[in-house]
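Visitor:
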Amino acid sequence: MLKLSVCVLLTFAVEANAQSDIVNPTQEQKSRLQQRREQVDRALASRYYRYKDDIDTTYIIRPQTKWTVVGRLNVSGAEIESEGMEDGRHFISEMKANKKVTLSVGVSYLGLSLSAALNPAKLMGKYHDYELNFNLYGKRFGFDFIYQDAKNFTGWHDMDGMERIDLPEDVLSVKTLNVNAYYAFNHRRFSYPAAFTQSYIQRRSSGSFLVAVSGQGQQAKLNWDQEMKLKMSNIGIGGGYGYNYVPSRNWLLHISSLPTFIVYSKTSLTIDDTKVPMHYHFPEVIITGRGAVVRQIGNKFLGLSMVFNFTGIGDKENLAIHNMKWRARAFFGIRL
Numbered sequence: 001m002l003k004l005s006v007c008v009l010l011t012f013a014v015e016a017n018a019q020s021d022i023v024n025p026t027q028e029q030k031s032r033l034q035q036r037r038e039q040v041d042r043a044l045a046s047r048y049y050r051y052k053d054d055i056d057t058t059y060i061i062r063p064q065t066k067w068t069v070v071g072r073l074n075v076s077g078a079e080i081e082s083e084g085m086e087d088g089r090h091f092i093s094e095m096k097a098n099k100k101v102t103l104s105v106g107v108s109y110l111g112l113s114l115s116a117a118l119n120p121a122k123l124m125g126k127y128h129d130y131e132l133n134f135n136l137y138g139k140r141f142g143f144d145f146i147y148q149d150a151k152n153f154t155g156w157h158d159m160d161g162m163e164r165i166d167l168p169e170d171v172l173s174v175k176t177l178n179v180n181a182y183y184a185f186n187h188r189r190f191s192y193p194a195a196f197t198q199s200y201i202q203r204r205s206s207g208s209f210l211v212a213v214s215g216q217g218q219q220a221k222l223n224w225d226q227e228m229k230l231k232m233s234n235i236g237i238g239g240g241y242g243y244n245y246v247p248s249r250n251w252l253l254h255i256s257s258l259p260t261f262i263v264y265s266k267t268s269l270t271i272d273d274t275k276v277p278m279h280y281h282f283p284e285v286i287i288t289g290r291g292a293v294v295r296q297i298g299n300k301f302l303g304l305s306m307v308f309n310f311t312g313i314g315d316k317e318n319l320a321i322h323n324m325k326w327r328a329r330a331f332f333g334i335r336l
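For reference, each letter of the sequence shown is one residue, going 1 to 336 in the working numbering.
(1) When the Cβ atoms of the stretch 41-51 are set against those of the stretch 77-88, are three or more pairs found closer than 8 Å?
(2) Which residue's Cα is closest to the Cα of residue 328: 309, 275 and 319?
(3) Just the Cα atoms here: how many angstroms apart are residue 164 and residue 89?
(4) Here's the rule I'm using: 16 or more other beta-carbon atoms within 10 Å means buried, otherwise exposed. How should residue 307 be labelled?
(5) Of the residues 190, 259 and 99, which one's Cα is nearest the Cα of residue 73?
(6) Return helix, strand or coil for residue 257, following the three-state DSSP convention.
(7) Checking the sheet assignment: what are the DSSP bridge partners for residue 212?
(8) From what residue to what residue does the beta strand (DSSP E) around residue 292 run?
(9) Output the distance between the C-alpha atoms of residue 262 and residue 316, rounded to the nearest integer angstrom.
(10) What are the residues that DSSP puts in a beta bridge with residue 157?
(11) Does the beta carbon of residue 287 sit closer than 9 Å to a beta carbon anywhere in chain B?
(12) Tell me which residue opens and which closes the alpha helix (DSSP H) that residue 192 is part of.
(13) Can you list, in chain order, the residues of its chain whose CB lies under 6 Å from that of residue 23, leaving out five sequence neighbours each side?
(14) Indicate whether residue 62 and residue 200 have their beta-carbon atoms separated by less than 9 Å.
(15) Considering only their Cβ atoms, is the gap separating residue 301 from residue 71 smaller than 9 Å?
(16) Can you look up residue 56 in the DSSP assignment and give me helix, strand or coil?
(17) Just curious, the beta strand (DSSP E) that residue 275 is in, first and last residue?
(18) Using only the alpha-carbon positions, how far apart do residue 228 and residue 270 sit?
(19) May I have the straight-line CA-CA distance separating residue 205 from residue 91, to the nearest angstrom?
(20) Return yes when the C-beta of residue 325 is under 8 Å from any heavy atom of the ligand NAP, and no when it is not.
(21) Which class does residue 66 belong to by DSSP, given the choice of helix, strand or coil?
(22) By the 10 Å Cβ neighbour count, where 16 or more other Cβ atoms means buried, how is residue 59 classified, buried or exposed?
(23) So, for residue 65: in the same chain, excluding its five sequence neighbours on each side, which residues have a beta-carbon less than 8 Å away from its beta-carbon?
(24) Quick one: Cα of residue 153 to Cα of residue 101, how far?
(25) Roughly how many angstroms separate the alpha carbons of residue 213 and residue 127, rounded to a whole number?
(26) Within the same chain, show all residues whose beta-carbon is closer than 6 Å to that of residue 186, passing over the 5 residues directly before and after it, in chain order.
(27) Quick one: residues in its chain with C-beta nearer than 8 Å to the C-beta of residue 140, no 5 flanking neighbours on either side, listed in chain order?
(28) Using beta-carbon positions only, say whether residue 243 and residue 190 come within less than 9 Å of one another.
(29) Between the C-alpha atoms of residue 113 and residue 41, what's the straight-line distance to the nearest angstrom?
(30) Where does the unbroken alpha helix (DSSP H) through residue 110 begin, and where does it stop?
(31) My guess is that residue 314 and residue 281 are in contact by the Cβ rule of under 8 Å, so how many angstroms apart are they, rounded?
(32) Looking only at C-alpha atoms, which of 151, 172, 117 and 177 sits nearest to residue 144?
(33) One question on the structure: do residue 235 and residue 259 come within less than 9 Å of each other, judged by their Cβ atoms?
(34) Let me make sure I understand the geometry here. Which of 119, 232, 94 and 108 has the alpha-carbon closest to that of residue 169?
(35) Per DSSP, residue 149 forms a beta bridge with which residues?
(36) Quick check: the Cα distance between residue 87 and residue 277, rounded to an integer number of angstroms?
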């Protein structure tokens with residue numbers, strides 16, 4: 001009986017020791033893990049700070065901290081205007097989508113970022129549309145990618161000799177894709193990221209000429225007295241200018257405009273079962289405007305930014321369509 005008890009105790013002690021080795025790694029294992037972490041950290045830091053050979057650090061620098069945590073309040077909206085002539089009478093209409101409001105939190109470590117967003121109205125069942133915003137702002141190249149599937153447009157329609165008609169929700173459904181990409185020539189001294197992602201800091205005022213490519217695709221369906229279907233695809237090429245103004249230390253004001261002229265356009269309009277011809281009318285444009293205000297306070301920063309997209313096609317003597325999409329953002333962040 002004594003031998004059996006000793007064997008059981010020895011077996012338990014061996015198993016416990018093995019489990020302890022698994023749960024509590026040895027000093028050698030800890031050392032290996034630490035080395036791997038340090039290797040990854042050095043690689044990220046080298047990638048993050050290698051900018052020094054590509055920019056003028058008198059004008060632009062990277063933050064000297066590894067971590068950035070930022071909270072954002074995002075508000076976006078869309079509007080469609082049409083104007084033209086029908087049976088010799090002038091008409092104009094305006095439709096606006098419900099504003100979308102989201103809250104988001106982002107965490108960045110040496111340039112690697114992760115973020116999550118929450119739409120309170122959607123959680124409460126008050127917002128049923130879908131919208132995707134994806135933005136990349138680099139010192140040389142960047143783009144905005146915006147997709148919206150909306151059915152909550154409301155508005156009005158005016159025609160000469162008639163009373164204004166109010167248009168309720170659910171009569172207009174629209175799917176829209178807006179894309180705008182830029183290249184900054186003076187990327188050594190001018191920084192889009194300083195204004196919109198705060199991954200750089202603009203130390204002195206500077207501007208840059210920009211070249212841009214824009215695209216817009218849209219499918220719209222209106223069910224009112226008649227059924228109208230509109231499909232359009234537009235690609236524009238152009239350029240503009242952006243300027244970062246640093247009025248005093250820790251302040252940054254940004255403004256930029258990127259007008260592009262449409263070089264490819266395919267548009268079709270169907271009313272009931274009748275196709276209405278739509279011809280290219282110069283100038284047809286896609287314009288992207290951006291603005292921002294950023295304030296640095298020690299290791300903290302706060303500010304406002306806005307991106308505005310405008311597309312104009314057609315002419316008022318027949319049918320002109322104007323699309324507007326905008327997004328405004330308030331943010332507060334801490335660098336650690």
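For glycine and all other residues, C-beta sits at the position ideal for the given N, C-alpha and C.
Guide: In short, the structure shows the following:
(1) no
(2) 309
(3) 14 Å
(4) buried
(5) 99
(6) strand
(7) 182 and 238
(8) 285-297
(9) 18 Å
(10) 93 and 165
(11) Of the protein chains in this structure there is only one, and it is not chain B.
(12) 192-196
(13) Caution is warranted here: a pLDDT of 47 is assigned to residue 23, below 50, making its placement in the model unreliable, and the coordinate value is therefore given only provisionally. No residues qualify anywhere along the chain.
(14) yes
(15) no
(16) coil
(17) 274-276
(18) 6 Å
(19) 46 Å
(20) Ligands displayed in this structure: none; no statement on the ligand NAP is therefore possible.
(21) coil
(22) buried
(23) 299, 335 and 336
(24) 16 Å
(25) 32 Å
(26) 208
(27) 183, 184 and 187
(28) yes
(29) 15 Å
(30) That residue, residue 110, is in no alpha helix (DSSP H); it is neither H nor E in DSSP.
(31) 6 Å
(32) 177
(33) no
(34) 94
(35) 130 and 175
(36) 15 Å
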